[in-house]
Structure formats: structure tokens, C-alpha cells
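Working notes for the structure below.
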Amino acid sequence: MAEIYRAKTFDAQGHAHLVAVKRVLAHLAEDDDFIQMLVDEAKIASVLRHPNIARVYEFARAHGEYFIAMEHVDGKDMRTILERCRQKKKPMPPEHAAYAGAEVAAALHAAHTAVDAKRRPLRIVHRDVSPSNIIASYTGEVKLCDFGIAKATLSRVNTKTGVIKGKVKYMSPEQALGRKLDHRSDIFSLGACLYEMLTRVPPFTASNEMDLLIKVRDAKYRAVSDLVPSVPPELEAITDKCLTRSRAHRYQTAAEVETDLRAFLRRYVPNYSRSHVGRYVRKMFAGEIERELRMLEEYVLADEVSDDVGENLIPTTDEVSAHGVPFVPKPTTTVAAAPPTPADRADFADGSSQTTLPTGRQADGDFDVHGAETVILDDPRHRPAAAEAEPARR
Numbered sequence: 002m003a004e005i006y007r008a009k010t011f012d013a014q015g016h017a018h019l020v021a022v023k024r025v026l027a028h029l030a031e032d033d034d035f036i037q038m039l040v041d042e043a044k045i046a047s048v049l050r051h052p053n054i055a056r057v058y059e060f061a062r063a064h065g066e067y068f069i070a071m072e073h074v075d076g077k078d079m080r081t082i083l084e085r086c087r088q089k090k091k092p093m094p095p096e097h098a099a100y101a102g103a104e105v106a107a108a109l110h111a112a113h114t115a116v117d118a119k120r121r122p123l124r125i126v127h128r129d130v131s132p133s134n135i136i137a138s139y140t141g142e143v144k145l146c147d148f149g150i151a152k153a154t155l156s157r158v159n160t161k162t163g164v165i166k167g168k169v170k171y172m173s174p175e176q177a178l179g180r181k182l183d184h185r186s187d188i189f190s191l192g193a194c195l196y197e198m199l200t201r202v203p204p205f206t207a208s209n210e211m212d213l214l215i216k217v218r219d220a221k222y223r224a225v226s227d228l229v230p231s232v233p234p235e236l237e238a239i240t241d242k243c244l245t246r247s248r249a250h251r252y253q254t255a256a257e258v259e260t261d262l263r264a265f266l267r268r269y270v271p272n273y274s275r276s277h278v279g280r281y282v283r284k285m286f287a288g289e290i291e292r293e294l295r296m297l298e299e300y301v302l303a304d305e306v307s308d309d310v311g312e313n314l315i316p317t318t319d320e321v322s323a324h325g326v327p328f329v330p331k332p333t334t335t336v337a338a339a340p341p342t343p344a345d346r347a348d349f350a351d352g353s354s355q356t357t358l359p360t361g362r363q364a365d366g367d368f369d370v371h372g373a374e375t376v377i378l379d380d381p382r383h384r385p386a387a388a389e390a391e392p393a394r395r
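In this text, residue positions in the sequence shown follow our numbering: the first is 2, and each later residue adds one.
Right under this line is the structure:
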């Protein structure tokens with residue numbers, strides 16, 4: 002669907018900030034429904050203001066290409082973390098799973114209860130809560146991202162009843178059946194993520210998609226304690242309640258899930274803090290972190306920046322977030338040059354490559370990057386020059 006770049010932007014004072022840039026693949030740029038889906042994602046994520054939701058700064062088109070500039074979270078997505086757990090044949094420690102689950106539940110509750118300027122519910126349903134859309138940072142932050150197929154009153158693309166969207170392994174039974182969804186579908190998906198964090202395997206697996214849909218529909222899975230007997234019964238019970246087939250017997254709000262997970266955490270590890278999961282992720286990916294730091298130190302900026310500021314695709318609206326923050330279009334990105342296609346890219350000896358793309362103003366006072374340049378670390382046309390490399394991070 003898109004290529005993700007880590008990018009660096011500089012504010013008016015010369016301070017560097019990392020952002021993530023999602024660049025739409027060329028063959029999808031002609032798909033009007035797909036582009037509208039991205040507009041919906043940008044609108045929804047821009048409205049939401051919560052520490053556990055990755056922010057979207059703008060969605061724009063320049064030089065015939067589409068991109069979304071969003072908050073960069075320095076860490077790993079849960080899919081990558083769980084893959085490393087499988088390689089090591091060790092599940093995630095229960096306290097880390099509970100903490101991550103509570104943080105995602107907090108994000109979901111913020112989305113589910115968001116309202117517009119007139120205090121009307123936006124009725125946001127993420128519909129794709131899965132390990133690849135949960136990011137744990139090296140400092141212990143946990144963020145929910147990718148509202149690309151989220152459903153809300155802000156959305157312009159309507160999904161007909163009977164149309165299935167999302168990753169099948171993490172769908173709710175009603176989602177697998179193509180039924181109308183509400184926020185409780187996301188709670189089931191969160192339960193599937195919790196299950197995998199605790200056991201290293203998804204609750205539902207099959208050799209083909211049809212059999213997988215049937216298993217999800219029936220919501221039958223092996224008990225967590227059958228796979229990992231050491232998982233505390235209280236945490237298993239929370240997971241099971243999330244994974245209840247009937248919506249009426251599931252947790253009714255994500256806030257209830259968060260409350261129970263945090264209560265468990267206080268009893269299980271009384272002094273637990275986010276630094277614990279941060280250390281866990283850093284230790285697990287120590288080698289990758291070193292390579293990433295070297296890559297960040299070895300690049301140069303583009304020589305020229307175009308005056309073409311492109312076109313902002315987030316329409317003007319008076320809607321505000323649940324926290325009262327006005328939703329306004331972000332100033333459009335200025336683009337130096339169209340990023341290369343995958344065929345243009347070269348692999349360097351250290352595994353890095355590089356590209357440049359400038360970005361516009363970051364929203365709501367975090368920092369002002371209007372007209373500043375963003376360097377995307379993936380373009381062979383901008384090879385490192387030792388004399389111009391940025392100072393090493395400390």
C-alpha cells in the first residue's frame with residue numbers, strides 16, 4: 002500500500018525532529034477510493050489528540066505523488082517484537098503485555114468517545130487493531146497508529162454491510178461475518194493482540210483464509226494457560242473477556258479493559274513504569290538500534306528545495322477533537338523532488354539508502370517546521386559526505 006520512510010526535519014531555530022512519511026505506491030495513486038481512504042485516515046488521526054495515538058500532521062500531493070507526514074515513534078511495532086519473541090522462543094513477559102494492552106485500550110477509548118465541535122459522537126471504530134499497528138518505543142511509549150480503514154462519521158468512503166476490511170487473524174467474529182461494527186469489535190481485536198503477546202501465537206490460525214474466517218467467526222481458541230501455564234489467571238481472564246464471541250458479554254468499553262489491566266499490573270508488579278518495557282525493547286533490539294544510529298549520522302541534505310508546495314488534501318472543517326483542539330488543514334509540504342521508485346534505490350554496505358522530501362508546519366505548537374526540509378533516509382542520490390554529516394547523537 003505504501004512505503005514508510007523515517008525523515009528528519011529542521012525548525013526555524015535549526016533544531017532537528019524526526020517524522021515518519023508514508024509514501025503511497027505509484028499503482029495506488031490512481032485509485033480514487035484508496036486515496037479517499039487515506040484522506041479519511043488523515044482527518045480522523047488529525048482530530049484525535051491522545052498520547053497513545055500516533056499523530057498525523059498532513060496529507061498532501063506533490064509531483065503527482067501522495068504522502069502522509071506523521072509522528073515518528075522511535076521503536077518497533079509489536080509484530081516485529083513478537084517475531085523476535087518467536088525467534089527466541091520466549092513469550093513477552095506478562096507485565097509488558099498488560100502494560101501495552103492498557104495503553105492501547107486508552108487510545109481506543111479516546112477514539113471511541115471522540116466528538117465533533119457540536120459534541121456529537123464521531124463513532125470512530127479502528128477496525129484494524131493488530132500488532133503491526135501498535136508501536137512500542139525505546140523509551141516505553143506505546144502508540145496505536147494507522148486509522149486507514151477506520152470507520153467514523155468523518156469518513157466519506159462508506160463500507161457496505163457484508164464487506165470485510167482488516168487483518169483476518171485479529172478480526173472480531175462480527176467483522177469476519179461482514180456485519181455492522183461498533184467499538185466492541187476493536188476490543189475483541191485488542192484481545193487477540195493480548196493473546197499473541199502472552200503466547201507468541203495468534204488465537205486463530207489456519208492454512209487458508211476461508212478456514213481462518215470460520216475460526217474467527219466461531220471464536221474458538223486454545224486457552225492461554227494451555228500454551229503458557231505461567232501466565233497469571235487474572236490476566237488470562239481479561240484476555241478471555243475481550244475475546245468473547247458475543248458482543249453483549251465482552252467488555253463494553255475500552256476504558257473497562259484499561260482499568261482491569263492497570264489493576265492487574267499494580268498487583269503483579271507494583272512499581273511498574275513505562276521504562277520497564279522501554280528497557281525490554283532496547284535490549285531485544287540492541288544491534289538494530291546501533292545500526293539505526295549510524296544511519297542517522299551518515300547523510301547529507303538535498304542541495305535544492307523546490308518552491309512547489311503541492312496540494313493539501315485534508316478538507317477544511319470546523320470539527321474538533323474530544324479534547325477541544327480545532328481540526329484545521331495543515332500547511333502543505335514543500336517538496337524538493339519526487340522520491341525515487343524502488344527500482345531507483347540502491348542498497349549501501351550498511352543497509353541504508355537515502356531520499357529527501359521537505360515537510361510543512363507541524364501542528365499545534367510542538368515545533369514550527371513551515372518551509373523546513375525533511376530528509377528521508379532512503380535515497381542513493383544523497384550519499385553521505387563526512388564533512389557535512391550531522392553531529393552524532395548522544
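Don't be surprised by glycine CBs; every beta carbon is placed ideally from N, CA and C.
Beta-carbon to beta-carbon, V258 and P95 are separated by about 15 Å, too far to satisfy the 8 Å threshold. Sequence-distant Cβ neighbours of E235 in its own chain, meaning closer than 7 Å and more than five residues away, are F265.
Separation of R120 and R87 (C-alpha to C-alpha, rounded to the nearest whole angstrom) is 45 Å. According to DSSP, residue pairing for Y6 in a beta bridge involves V22.
Per DSSP, the continuous alpha helix (DSSP H) segment holding A193 begins and ends at R185 to T200.
Restricting attention to L145, D12 and A99, the CA atom closest to the CA of A111 is found in L145. Between H97 and A21, the C-beta spacing is not below 8 Å. Assignment of R218 by DSSP, reduced to helix, strand and coil, places it in the helix class. Spanning the alpha carbons of I239 and G65 requires a straight line of approximately 48 Å.
Closest option to P92, judged by alpha-carbon separation, among A287, L294, C194 and T10: C194.
Remark: C-beta atoms of S186 and R124 do not approach each other more closely than 8 Å. A check of alpha carbon separations from G192 across A46, L214 and A220 identifies A220 as the nearest. Bounds of the alpha helix (DSSP H) holding K44 are D33 to V48. When only Cα atoms are considered, F205 and Y273 end up about 31 Å apart. For the 8 Å CB-CB criterion, R263 and A101 do not form a contact. Taken atom to atom, the span from the alpha-carbon of R180 to that of E291 is near 46 Å. Shown here for R56: same chain residues with a beta carbon closer than 6 Å to its own, the five before and five after excluded, namely E72 in chain order. The beta carbons of A8 and G76 sit no closer together than 8 Å. The beta-bridge partner set that DSSP reports for I135 consists of L145. Excluding residues up to 5 positions away in sequence, L83, P132, P203 and P204 lie with their Cβ nearer than 8 Å to the Cβ of E197 in the same chain.
S190 counts as buried, since no fewer than 16 other beta carbons sit within 10 angstroms of its beta carbon. Distances from the CA of Y67 to each of H18, K168 and K23 were compared; the closest alpha carbon is that of K23. According to the DSSP secondary-structure assignment, M71 is paired through a beta bridge with A21 and V57. Per DSSP, D261 has no beta bridge partner at all. Pairing H184 with H250 gives a Cβ-Cβ distance that is not under 8 Å.
Relative to A43, the option among F35, P52 and E59 whose CA is nearest is E59.
Closest in alpha carbon position to T260, among I45, A13, A30 and A99, is A99. D78 is bridged by DSSP to I136. By DSSP's assignment, F11 forms a beta bridge with A17. Between V217 and M172, the C-beta spacing is below 8 Å. V232: not part of any alpha helix (DSSP H); DSSP gives it neither H nor E. Taking 4 residues as the shortest admissible run, the region 93-131 contains the following complete alpha helix (DSSP H) segments, listed from N- to C-terminal end: 95-113.
If you draw a straight line from the Cα of E31 to the Cα of D117, it is about 31 Å long. Only residues of its own chain outside the window of five on either side were considered, and among them P92, V225, L228 and V229 have a CB closer than 7 Å to the CB of T200, listed in chain order. Counting the other Cβ atoms within 10 Å of the Cβ of Q176 gives 16 or more, which makes it buried.
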